[in-house]
Amino acid sequence: MSHTFDEISQQLKRRHRKSARLKWISMGSLGLAGLFLILFFADMLSKGLPAFQQAYIQTEISYTEEAESDGRQAFDQELLPLISRTVVRVIPMELRNNPEMIGTSEAQWVLANSEVDQYLKGHRHRLSEEEQAALDERVEAGQVDLRFNSTFFGSGDSKIAENAGILSAVVGTVMTMIVTLLISFPIGVMTAVYLEEFAPDNRITQAIEININNLAAIPSILFGLLGLAIFINFFGVPRSSPLAGGMTLALMTLPVIIISTRTALRSVPDSIRHAAFGVGCSNWQVVRDHVLPLAMPGIMTGSIIGLAQAMGETAPLIIVGMVAFIPDVGASFTNAATVMPAQIFTWSGEPEQAFVEKTAGGILVLLTILISLNAFAVVLRKKFERRW
Amino acid sequence: MNSQAPVVNDQHEPAVGQPYTRNDQACHDLSIRVRDLNLWYGKNQALNDLNIDLFQKNVTALIGPSGCGKSTFLRCLNRMNDLIPSVRTEGLVEMDGRDVNAPKMDEVALRRRVGMVFQKPNPFPKSIYENVAYAPRMHDLVSRKAEQDELVEKALRSAGLWNEVKDKLQEPGTSLSGGQQQRLCIARAIAVQPDVILMDEPTSALDPISTATIEDLMDKLKEEFTIITVTHNMQQAARVADYTAFFHLGEIIEYNDTKVMFSTPAKKKTEDYISGRYG
């Protein structure tokens, strides 16, 4: 029995409606996800961008004899509550080091108090009526200004909000990542090469494979406990150090690197291996001269993504003590240090209003680095993409 | 060509080192001697008591229907089957008086003397020059750059590719056409100066014109090398091969001078296959 076109299209209408509905639902969910992303970024940008500017006040500093013992004496008493404590407390030391300055005075732009900063930015603040009046006067006279916040990018953490910066955390992150990379990349790649190119396919290697895959799914805080128990307590690696943190994160990154390397090795076609064996390459020469170079873009991409993941990790580092108050930029791999996510975590717990924008600013810096790393990985993959 | 045919499954085993012929007389010098070769993939026996003598500076074609074991047999000759974990071989494959399957035999040394060209052209994703120069350099056949250049040119000339690529040696080997890529693979194989070149259906991925070029090339190369080729194409076997072996279900049914085999096959199965009744 045959059907006319009209009969068939009658039936088809329902099917077409169904597929159209499904298409709208999936597009809707994508749109929702995109909306959340936009909201998140808008919120972070609106909160974090002000952190990149900081209030400065122009004032007369008079280096009197009294100022050598009490820095407060160098400033206009009306302005003193508006000026950052960090500016005031360095004056005596400065004078002790340069006695010839005593008796002179000079006009300078100095760092303002975080309350002034918040007031100027229109946020919640704790300035009294008189202080506000004095400040408004200076603003009109052009003696108060918002400038680029070099402190935020140029110094370490501080309990004084206007003096807190992210540099020590950035340096700590870089040093931790160097340790992580140096440990996990060679071990991970060689493990994958052995499993993929040399190991016989038997129960033992299958068991190892399953365990590596499971390792990738272990909650990261457990790696922190492992790092604490083995690296710090057993091997005596200094606590809070980039060495301890890097080794712990290396454990976490290893399965990611192993799995992505194996995938990259597997994507090298066997015809290349046969060609190499055919001209008399030894097993190692096949891997070194032919398979590894072809798999390298994939290996690099996987490793960068693994590193980026480790860079955003906080939980295991809390356990090995990297959530610490670190005002100084790290000097060595065994000194106490902190990392960006840990710094953000610390700032988010500070009660002062000024730390809200520091937290958001820190998140922006971290996100910028992570997004650039991932973009680099994508570019790498696109650039070396090969077809056989 | 001497029409005295080499024969398989001869009841009288000749002395070691003697060619395996009915008349105890060499048609040509012996290259590879195979005796009682069995091979299993896991529990499946793929090759069954093979006996064959392969002669130097000749083209020997292995023909037969799909799955008859001709490619598997070819890979026994340079131990490429070692790469497949489930494979087990028994029996003698003798080259130059040495058992190639002996534990002492280094498969790298063997593959240096027995080169291979594969079904699908598989140049390294490197430059044309590097494709040819890589293996000789690895085997320390060349020490100076000039020597290497010379060897690359010689190999490319022998493979009939020099005139087409001499101006673009630094371009990737994969940028060539299929037929050119296959000749590049041949150049790569002959650059290490092997004795034997195994070809596993070298023209099955190529167009008729490229196929004809490769066939002409095989004819020239046999002056210098022993060529053993697997082919699905009986006309090709008839055109290029001096000797032909017919495989069926893991056994060698007939092995003879190509002209004799195609004009007066000794076995019914061979005749059926050659006349296109199956396969």
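Chains G and Z are the protein sequences, given in the same order. Quick note on numbering: UniProt numbering labels position 254 of the first sequence as 254, and the sequence is numbered without any gaps. Quick note on numbering: UniProt numbering labels position 194 of the second sequence as 194, and the sequence is numbered without any gaps. Beta carbons are placed, not taken as given, at the ideal position from N, Cα and C, and that holds for glycine. Computed from a prediction, not measured in an experiment: that's the story for all the values here.
Enumerate in chain order the residues of its own chain whose CB-to-CB distance from residue i is below 6 Å, with the five nearest sequence positions on each side excluded.
| i | result |
| --- | --- |
| Z:GLU130 | none |
| G:SER260 | GLY302 |
| G:LEU373 | ILE304 and ALA308 |
| G:ALA276 | VAL286 and HIS290 |
| G:GLU68 | PRO92 and LEU95 |
| G:ILE212 | PRO255 and ILE258 |
| Z:ALA237 | ALA61, ILE63, THR231 and THR244 |
| G:ALA360 | MET44, LYS47 and GLY48 |
| residue 422 of chain G | With chain G covering only 1 through 388, there is no way to say anything about residue 422 of chain G. |
| Z:VAL165 | ILE128 |
Might you give, ordered along the chain, the residues of its own chain that have their beta carbon closer than 8 Å to the beta carbon of residue i, omitting 5 neighbours on each side?
| i | result |
| --- | --- |
| G:PHE355 | ALA161, ALA164, TRP347 and SER348 |
| Z:CYS68 | PHE247, HIS248, LEU249 and GLY250 |
| G:THR263 | GLY298 and GLY302 |
| Z:ASP242 | MET1, PHE55, ASN58, VAL59, THR60, LYS222, ASP257 and THR258 |
| Z:LEU169 | SER127, ILE128, TYR129 and VAL152 |
Could you check whether residue j and residue i sit closer than 9 Å to each other, using their CB atoms as the reference points?
| i | j | result |
| --- | --- | --- |
| G:GLY246 | G:VAL179 | yes |
| G:MET177 | G:PHE333 | no |
| G:ILE183 | G:ALA250 | yes |
| G:TRP109 | G:TYR56 | yes |
| Z:THR60 | Z:PRO123 | no |
| G:PRO341 | G:THR314 | yes |
| G:LEU254 | G:LEU215 | yes |
| Z:VAL93 | Z:VAL87 | no |
| Z:PRO136 | Z:ALA187 | no |
| Z:LEU77 | Z:ILE228 | yes |
| Z:TYR134 | G:VAL279 | yes |
| Z:GLU201 | Z:SER31 | no |
| G:GLY142 | G:GLN58 | yes |
| Z:VAL230 | Z:VAL114 | no |
| G:THR338 | G:SER240 | yes |
| G:VAL88 | G:ALA74 | yes |
| G:MET322 | G:ALA229 | no |
| G:PHE152 | G:LYS358 | yes |
| Z:LEU176 | Z:ILE128 | yes |
| Z:LEU141 | Z:LEU151 | yes |
| residue 399 of chain G | G:ASP157 | Residue numbering for chain G in the displayed model covers 1 to 388; residue 399 of chain G lies beyond these limits and cannot be assessed. |
| G:GLY312 | G:VAL171 | no |
| Z:GLN181 | Z:PRO103 | no |
Could you give the C-beta distance for residue i and residue j, rounded to a whole number, given that I count them as a contact under 8 Å?
| i | j | result |
| --- | --- | --- |
| G:GLY306 | G:VAL256 | 4 Å |
| Z:THR226 | Z:GLN56 | 5 Å |
| Z:LYS126 | Z:PRO172 | 7 Å |
| Z:ALA179 | Z:SER210 | Before going further, note that residue 179 of chain Z is Gly rather than Ala in the sequence given. Indeed they touch by this definition, with Cβ atoms about 3 Å apart. |
| Z:LEU205 | Z:MET116 | Correcting the residue identity first, residue 205 of chain Z is Ala in this sequence and not Leu. The pair is not a contact, with the Cβ atoms about 15 Å apart (cut-off 8 Å). |
| Z:ALA159 | Z:LEU110 | Between Z:LEU110 and Z:ALA159 the Cβ distance is about 22 Å, and since that is not below 8 Å, they are no contact. |
| Z:ARG79 | Z:GLU107 | 5 Å |
| residue 338 of chain Z | Z:ARG112 | Chain Z is shown only over 1 to 279; residue 338 of chain Z falls outside these bounds and no answer can be derived. |
| G:SER220 | G:PRO316 | 5 Å |
| G:GLU196 | G:LEU265 | 4 Å |
| G:VAL365 | G:ILE166 | 6 Å |
Spatial neighbours of residue i within its chain, please: CB distance less than 7 Å, with the 5 preceding and 5 following residues excluded, ordered by chain position.
| i | result |
| --- | --- |
| G:LEU225 | ILE319 |
| Z:ASN48 | ASN38, GLY250 and GLU251 |
| G:PHE345 | THR314 and VAL323 |
| Z:GLU254 | PHE246, MET261, PRO265, ALA266, LYS267 and THR270 |
| G:ILE363 | MET44, GLY48 and ILE344 |
| Z:TYR41 | SER86 and VAL87 |
**Asked** Of all the residues that make up the stretch 186-201 of chain G, which are near chain Z by a beta-carbon distance shorter than 9 Å?
**Response** PRO200 and ASP201
**Message:** Under 8 Å, CB to CB, which of the residues in the stretch 292-306 of chain G have a partner in chain Z?
**Reply:** LEU294
**Asked** Can you list, in chain order, the residues of the stretch 96-108 of chain Z whose Cβ is nearer than 7 Å to any Cβ on chain G?
**Response** VAL108
**Message:** Counting only Cβ-Cβ distances shorter than 8 Å, please list the residues of the stretch 153-169 of chain Z near chain G, keeping chain order.
**Reply:** none
**Request:** Could you please tell me which residues of the stretch 271-292 of chain G, in chain order, have their CB closer than 8 Å to any CB of chain Z?
**Result:** Those would be SER271, ILE272, ARG273, HIS274, ALA275, ALA276, PHE277, GLY278, VAL279, GLY280, CYS281, SER282, GLN285, ASP289 and HIS290, in chain order.
**Asked** Going along the chain, which unbroken runs of the alpha helix (DSSP H) with 4 or more residues stay wholly within the stretch 277-328 of chain G?
**Response** List check, alpha helix (DSSP H) in window: 292-311 and 315-319.
**Request:** Please list the segments of the beta strand (DSSP E) lying wholly inside the stretch 36-79 of chain G, counting only runs of 3 or more residues, in order along the chain.
**Result:** 53-62
**Asked** Residues in the stretch 207-240 of chain Z with C-beta within 8 Å of chain G's C-beta atoms, listed in sequence order?
**Response** Of all residues in the stretch 207-240 of chain Z, none comes within less than 8 Å of chain G when Cβ atoms are compared.
**Prompt:** In chain order, which alpha helix (DSSP H) runs of at least 4 residues are fully inside the stretch 208-259 of chain Z?
**Reply:** Listed in chain order, the complete alpha helix (DSSP H) runs (minimum 4 residues) inside the stretch 208-259 of chain Z are 208-221 and 234-240.
**Request:** Just list the beta strand (DSSP E) runs in the stretch 83-122 of chain Z, keeping only unbroken ones of 3 residues or longer that don't cross its boundaries, in chain order.
**Result:** 87-95 and 114-117
**Message:** So if I threshold CB-CB distances at 7 Å, which residues from the stretch 79-93 of chain Z count as touching chain G?
**Reply:** Those would be MET80, LEU83 and PRO85, in chain order.
**Request:** For the stretch 138-153 of chain Z, enumerate the residues whose C-beta is nearer than 7 Å to any C-beta of chain G, in chain order.
**Result:** MET138 and HIS139
**Inside the stretch 129-180 of chain G only - alpha helix (DSSP H) runs reaching at least 4 residues** = 129-140 and 150-154
**Item:** Members of the stretch 119-130 of chain Z near chain G, C-beta cut-off 8 Å
**Value:** LYS120, ASN122, PRO123, PHE124 and PRO125
**Asked** Can you list, in chain order, the stretches of the alpha helix (DSSP H) that have 4 or more residues and sit fully within the stretch 97-122 of chain G?
**Response** 114-120
**Prompt:** Curious, which full-length alpha helix (DSSP H) runs of at least 4 residues does the stretch 132-167 of chain Z contain?
**Reply:** 145-158 and 162-165
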